[in-house]
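Residue numbers (my numbering), protein chains in the order written: chain A, 686 to 907; chain B, 686 to 907. Notes to accompany the following structure.
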DNA sequence: CTAAAAAATTTGGGTTACCAAATAAATTTT
DNA sequence: AAAATTTATTTGGTAACCCAAATTTTTTAG
């Protein structure tokens, strides 16, 4: 038995789960290797081991698919990751853009009991600080009903849920505008000329391009 | 660079620090190997690596000593361990006897900044749930003024601080007696015959042997 | 001081997760 | 369909951390 619990296995399962969500097309060895920044030979070797463990199936068209068991494990890691992110932001006052790497370490810690207690301590949050849904202990995800800000209605109140683009430069830009998940805002105008938007954000009025607006995901505030 | 940060290194440094505190006599390879439940050959190999890194010195009498740098790193791990234990007990409602293994994982996570924030979040505790002092961010430890219960005075109020013996069986026994760090108690009598004690613990009276009493560390309640 | 015991060290292996480069197989282009 | 490209797979190798068993060195006892 490894001295590291199942850290590696967990990373493969997590990545496979994420890929299965993101792209519709099947996940092959190359795609997984690229996603994990590993050599295809390494990935093939590991995937075979996962297959022997019944966590993954190697289909006849060479695509890699999680079994029910593998899916469950992958979701658990995602659950852990997102709950720790909530902890870091809501309790330790990190900014939401800083927590990913730390959560990547914390997600491999310990027991399911620990994460269930953490969830209770945090008050059963449904979304992480990036706006991504947190699987409950049965693996169920709350539907995220967010839409792009560029598709939102004028003069209606919205709340930022997450961002479609997660490039650092974009996140830094948003941070300067004081736009983060949870921020309440309203579209006051859209310019015909270039499609740019005027927003009311916390009593001040700012301008953003249509491109930026399309990468901000919002939910109507009830 | 390893994919695991410095988990192994950290464990060696932590153990060396603990040994340097516990036993007065010098720490040799055999002792370290025993403490870590590893083969002496393994330990020797690792200690040499630590020595190359300047974290440890191999003295001419074959004893192993932490350098200032190594000591600092070892203390940091202990700090992390104890702060996470406080978190698990005070926030996630674990019992103090359950948290060691989880803290052993958490202690290897992440940044010094994280642990500083955690410390602040927890309100700068000076002792962990076992009663052991938590090094501050400069490595300073609060003096623990505890004495063995067997050396305590009759009819004076004390508070349990920690235990000298940390064997599971002993902790389980104490747990059944509802004795844990923080518990208030008073010696009502000591039998001449075998040195055993009568204690008042939370309104009930219990009997413990002298050996048990010598492994319970207490502080006078002000 | 010498024999026995203990500790330190060496030697030869094992496993896991990784990689680069070569080869084989499948897919796409033309 | 043949050529070119992409993907999958095999092969040979590395570094970290570990072990058991043999050997050497040191310490302890007689």
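Ideal Cβ positions, reconstructed from N, Cα and C, are used throughout, including at glycine. Nothing here was measured: the structure is a model prediction, and the numbers come from that model.
Kindly indicate which three-state DSSP category residue i falls into: helix, strand or coil?
i              : result
residue 906(A) : coil
residue 686(B) : With a pLDDT of 41 at residue 686(B), under the threshold of 50, the modelled position of this residue cannot be trusted, and the question is left open.
residue 883(A) : strand
residue 837(A) : coil
residue 865(A) : coil
residue 854(A) : helix
residue 889(B) : strand
Is there a C-beta anywhere in chain B that falls below 8 Å from the one on residue i?
i              : result
residue 775(A) : no
residue 686(A) : Low local confidence applies: a pLDDT of 42 at residue 686(A) is under 50, so the model's placement there is unreliable, and no value is given.
residue 768(A) : no
residue 884(A) : no
residue 717(A) : no
residue 778(A) : yes
residue 790(A) : yes
residue 802(A) : yes
residue 855(A) : no
residue 848(A) : no
residue 910(A) : A question about residue 910(A) goes unanswered here, because the residues of chain A that appear run from 686 up to 907.
residue 880(A) : no
Do residue j and residue i count as a contact pair if the criterion is CB distance below 8 Å?
i              : j              : result
residue 766(B) : residue 789(B) : yes
residue 842(A) : residue 888(A) : no
residue 886(B) : residue 834(B) : no
residue 712(B) : residue 749(B) : yes
residue 810(A) : residue 763(A) : no
residue 701(B) : residue 741(B) : yes
residue 784(A) : residue 768(A) : no
residue 900(B) : residue 849(B) : yes
residue 755(A) : residue 698(A) : yes
residue 720(B) : residue 743(B) : no
residue 840(A) : residue 873(A) : yes
residue 807(B) : residue 775(B) : yes
residue 780(A) : residue 777(B) : no
residue 881(B) : residue 863(B) : no
residue 884(B) : residue 782(B) : no
residue 724(A) : residue 747(A) : no
residue 829(A) : residue 846(A) : yes
residue 793(A) : residue 695(A) : yes
residue 844(A) : residue 771(A) : no
residue 795(A) : residue 787(B) : yes
What are the residues that DSSP puts in a beta bridge with residue i?
i              : result
residue 818(B) : 812(B)
residue 849(A) : The partner list for residue 849(A) (beta bridge, DSSP) is empty, contrary to what the question assumes.
residue 860(A) : Looking at the DSSP assignment, residue 860(A) forms no beta bridge with any residue, so it has no partner.
residue 843(B) : 870(B) and 905(B)
residue 742(B) : 750(B)
Any beta-carbon of chain A closer than 8 Å to the one on residue i?
i              : result
residue 758(B) : no
residue 794(B) : yes
residue 787(B) : yes
residue 799(B) : yes
From which residue to which residue does the alpha helix (DSSP H) around residue i run?
i              : result
residue 765(A) : 753-775
residue 791(A) : 785-791
residue 736(B) : 725-737
residue 705(B) : 692-707
residue 899(B) : 895-899
residue 715(A) : 714-721
residue 802(A) : 797-806
In the DSSP assignment, find the unbroken beta strand (DSSP E) run with residue i in it and report its ends.
i              : result
residue 874(A) : 869-875
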